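Worksheet for the structure shown next.
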Amino acid sequence: MKTLRVAMIGYGFMGAAHSQGWRTAPRVFDLPAEPEMAVIVGRNAGAVAAAASKWGWAESATDWRDVIARDDIDVVDIVTPGDSHAEIAIAALEAGKHVLCEKPLANTVAEAEAMAEAAERAAARGIQAMVGFTYRRVPAVTFLRNLIAEGAVGTINQVRASYRQDWLVDPEMPLAWRLQKEHAGSGALGDIGAHAIDLAQFVTGLNLEKVSGVIDTIVKERPLLKGSTSGSGPSDTGLSGAAGVGSGVGSGQVTVDDIAIFTGRFESGALASFEATRFATGRKNALQIEVSGDKGALAFDLEDLNSVQFYDRTAPADRQGFRKVLVTEAEHPYVSAWWPAGHMLGYEHGFSHQVKDLVEGIVGGSAPHSSFADGLRVQRVLDAVERSSENDSAWTRVAAGVPVPAS
Numbered sequence: 043m044k045t046l047r048v049a050m051i052g053y054g055f056m057g058a059a060h061s062q063g064w065r066t067a068p069r070v071f072d073l074p075a076e077p078e079m080a081v082i083v084g085r086n087a088g089a090v091a092a093a094a095s096k097w098g099w100a101e102s103a104t105d106w107r108d109v110i111a112r113d114d115i116d117v118v119d120i121v122t123p124g125d126s127h128a129e130i131a132i133a134a135l136e137a138g139k140h141v142l143c144e145k146p147l148a149n150t151v152a153e154a155e156a157m158a159e160a161a162e163r164a165a166a167r168g169i170q171a172m173v174g175f176t177y178r179r180v181p182a183v184t185f186l187r188n189l190i191a192e193g194a195v196g197t198i199n200q201v202r203a204s205y206r207q208d209w210l211v212d213p214e215m216p217l218a219w220r221l222q223k224e225h226a227g228s229g230a231l232g233d234i235g236a237h238a239i240d241l242a243q244f245v246t247g248l249n250l251e252k253v254s255g256v257i258d259t260i261v262k263e264r265p266l267l268k269g270s271t272s273g274s275g276p277s278d279t280g281l282s283g284a285a286g287v288g289s290g291v292g293s294g295q296v297t298v299d300d301i302a303i304f305t306g307r308f309e310s311g312a313l314a315s316f317e318a319t320r321f322a323t324g325r326k327n328a329l330q331i332e333v334s335g336d337k338g339a340l341a342f343d344l345e346d347l348n349s350v351q352f353y354d355r356t357a358p359a360d361r362q363g364f365r366k367v368l369v370t371e372a373e374h375p376y377v378s379a380w381w382p383a384g385h386m387l388g389y390e391h392g393f394s395h396q397v398k399d400l401v402e403g404i405v406g407g408s409a410p411h412s413s414f415a416d417g418l419r420v421q422r423v424l425d426a427v428e429r430s431s432e433n434d435s436a437w438t439r440v441a442a443g444v445p446v447p448a449s
């Protein structure tokens with residue numbers, strides 16, 4: 043069997059999740075090639091060596107450029123902060139490596155455009171690139187998408203999507219890299235709002251054409267992390283310090299948004315509402331979407347990720363009502379490789395499904411979703427929301443980010 047040797051750049055929260063996917067997928071699915079966890083890369087030699095030992099990587103390294111240049115590396119998995127995505131991904135693609143890059147694709151539209159162009163050039167040479175919008179691969183989400191494509195809700199009239207968390211409600215939560223624009227690009231909008239945007243476009247098959255929104259920063263200063271004089275910087279450790287306390291040596295400026303609320307109109311004319319917040323007290327990881335059509339409606343909640351809610355408007359009036367469909371049957375997407383019906387899957391399974399789809403795409407020569415073009419499309423929506431907020435929430439076209447004249 044063909045072997046695909048993988049190098050992962052970064053080793054924080056997403057590094058743990060991606061490692062789970064690389065380690066588990068070939069044990070569960072009959073893949074056309076065997077992924078080999080060859081090397082994990084980070085700046086701190088001791089910390090990255092410990093991560094390699096814990097997660098099952100064969101070796102560790104501290105220079106991603108040297109690793110990408112190696113002839114024995116086939117796939118580069120990027121789980122670093124967004125400010126380094128473009129440089130690493132473009133270099134890897136130009137070196138002939140397949141690339142998996144965490145979302146959002148980049149910190150700016152210009153970076154995302156350069157990455158999408160590099161991916162298009164690489165595709166002509168048989169090199170594949172994927173963005174890690176992992177929630178697409180939750181079986182219930184894929185099933186929901188399939189039902190909509192089959193016409194279960196009819197013509198889509200409205201979409202409601204939100205991603206709500208509460209981990210920043212405490213103003214004493216330290217200043218981590220996710221709260222600094224130069225490293226993260228944006229806050230709740232780009233970090234979790236990107237998932238809601240991608241989910242809405244993925245399940246409906248529709249693209250957002252224009253948006254009107256507002257973003258805000260609720261807590262504008264936070265305590266510095268221990269050992270820091272200006273903030274955490276682009277740490278390798280993802281949410282490093284998120285559960286810790288400040289050092290008592292001062293505070294730093296939060297330069298990203300805490301909350302984003304916006305409306306959107308799809309190319310079809312259907313309307314959508316979106317919310318992305320880290321200040322939804324009591325909501326731990328509530329990614330929710332509801333799609334309403336003239337024949338029915340479908341809804342999904344990540345905090346109940348093994349089911350969808352389905353409303354069939356064509357049923358007799360005395361039998362109408364949302365009903366819960368448990369998505370654990372062998373006929374459901376991805377599920378046949380796992381457990382008997384009713385035995386639940388969890389957050390980590392999406393990362394194994396991501397590996398499955400990527401490996402099959404690489405070996406089969408077909409571009410796996412979500413592509414860098416998909417990532418660019420989401421990046422343009424993020425940019426349009428920011429532009430709209432800066433312009434008194436004026437309707438703003440997604441592609442160019444310019445205000446839409448009043449009709």
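Residue numbers for the sequence shown, in my numbering: 43 to 449. A virtual CB, placed ideally from N, CA and C, is assigned to each residue, including glycine. Please read these numbers as outputs of a predicted model, since none were measured by experiment.
TODO: Mind checking who Arg439 pairs with in its DSSP beta bridge?
DONE: Lys252
Task: Helix, strand or coil at Arg190 according to DSSP, with G and I counted as helix - done: Note that residue 190 corresponds to Ile in the displayed sequence, not to Arg. Ile190: helix per DSSP, three-state reduction.
Task: Best match in Val367, Glu153, Gly407, Met56 for proximity to Ala93 [C-alpha to C-alpha] - done: Met56
- [ ] Measuring alpha carbon to alpha carbon, tell me which of His225, Glu224, Thr297, Ser102 ends up nearest Asp258.
- [x] Thr297
Task: Chain-order list of residues whose beta-carbon lies under 7 angstroms from that of Arg422 (same chain, five-residue window excluded) - done: Val151, Val440, Ala441
Open item on the list: Suppose you measure from the CA of Ala91 to the CA of Tyr53; what does that come to, to the nearest Å?
Closed with: 10 angstroms
TODO: Take Glu101 as the anchor and find which of Ala203, Gly324, Pro68, Val48 has the nearest alpha-carbon.
DONE: Val48
TODO: Please report how far the alpha carbon of Ile110 lies from the alpha carbon of Leu142, in whole angstroms.
DONE: 13 angstroms
Task: Euclidean distance between Cα positions of Lys223 and Asp72 - done: 41 angstroms
TODO: Run the CB neighbour count on His385, radius 10 Å, all protein chains shown included, and call it buried at 16 or more, exposed below.
DONE: exposed
Open item on the list: Following a CB-centred definition, is Gly384 positioned closer than 8 angstroms to any heavy atom of the ligand FMN?
Closed with: For the structure depicted, the ligand FMN is absent and the ligand set is empty, with no information on it obtainable.
Open item on the list: Tell me which residue opens and which closes the alpha helix (DSSP H) that Met422 is part of.
Closed with: Note on residue identity: the sequence assigns Arg, not Met, to residue 422. Its alpha helix (DSSP H) spans residues 414-432.
Task: Lys145 beta carbon less than 9 angstroms from that of Ala426 - done: no
Task: Continuous alpha helix (DSSP H) assignments of at least 4 residues falling wholly in the stretch 48-117 - done: 55-70, 87-97, 106-110
Task: Buried versus exposed call for Lys96 [16 or more other C-beta atoms within 10 Å across all chains shown] - done: exposed
Open item on the list: Spatial neighbours of Gly59 within its chain, please: C-beta separation below 7 angstroms, excluding the five flanking residues on both sides.
Closed with: This sequence places Ala at residue 59; Gly is not what is there. Contacts found: Glu390, Phe393.
Open item on the list: With H, G and I counted as helix, E and B as strand and the rest as coil, what does DSSP make of Asp208?
Closed with: coil
Open item on the list: Distance check for Ala103 and Glu332, CA to CA, integer angstroms please.
Closed with: 44 angstroms
- [ ] With a threshold of 16 other CB atoms inside 10 Å of the CB of Gly168, please say whether the residue is buried or exposed.
- [x] exposed
Task: Continuous alpha helix (DSSP H) stretch holding Phe244: start and end - done: 236-246
Open item on the list: If distances are taken between C-alpha atoms only, which option among Val401, Phe316, Pro181 comes closest to Ser455?
Closed with: Since the first residue of the chain shown is 43 and the last is 449, residue 455 is not available in this structure.
Open item on the list: With H, G and I counted as helix, E and B as strand and the rest as coil, what does DSSP make of Gly126?
Closed with: Residue 126 is actually Ser in this sequence, not Gly. Three-state result, Ser126: helix.
Open item on the list: So the candidates are Gly138, Thr45, Tyr205, Ala166; which of them puts its Cα closest to the Cα of Arg343?
Closed with: Here residue 343 is Asp; the residue named in the question, Arg, does not match the sequence. Closest by alpha carbon: Tyr205.
Task: 8 angstroms CB neighbourhood of Ala165 in its chain, flanking five on each side removed - done: Ala171, Ala409
Task: Distance between Leu329 and Ser293 (C-alpha atoms, nearest Å) - done: 31 angstroms
Open item on the list: Pro123 and Arg264 - do their beta-carbons sit closer together than 9 angstroms?
Closed with: no
Open item on the list: In this structure, how does DSSP classify Tyr177 when only helix, strand and coil are distinguished?
Closed with: helix
Task: Best match in Thr45, Arg85, Thr176, Glu129 for proximity to Asp116 [C-alpha to C-alpha] - done: Thr45
- [ ] Helix, strand or coil for Asp278, going by three-state DSSP, please let me know.
- [x] At Asp278, the pLDDT of 35 sits below 50, so the modelled position is not reliable; the number obtained from the coordinates is stated separately. If DSSP states are grouped into helix, strand and coil, Asp278 belongs with coil.
TODO: Please check the pair Lys337 and Thr356, which I expect to be a contact at CB under 8 angstroms, by giving their CB distance rounded to whole angstroms.
DONE: 6 angstroms
TODO: Between the Cα of Arg187 and those of Phe244, Glu373, Trp380, spot the shortest distance and give me the residue it belongs to.
DONE: Phe244
- [ ] Pull up the distance between the alpha-carbon of Gln396 and that of Val183, whole angstroms please.
- [x] 13 angstroms
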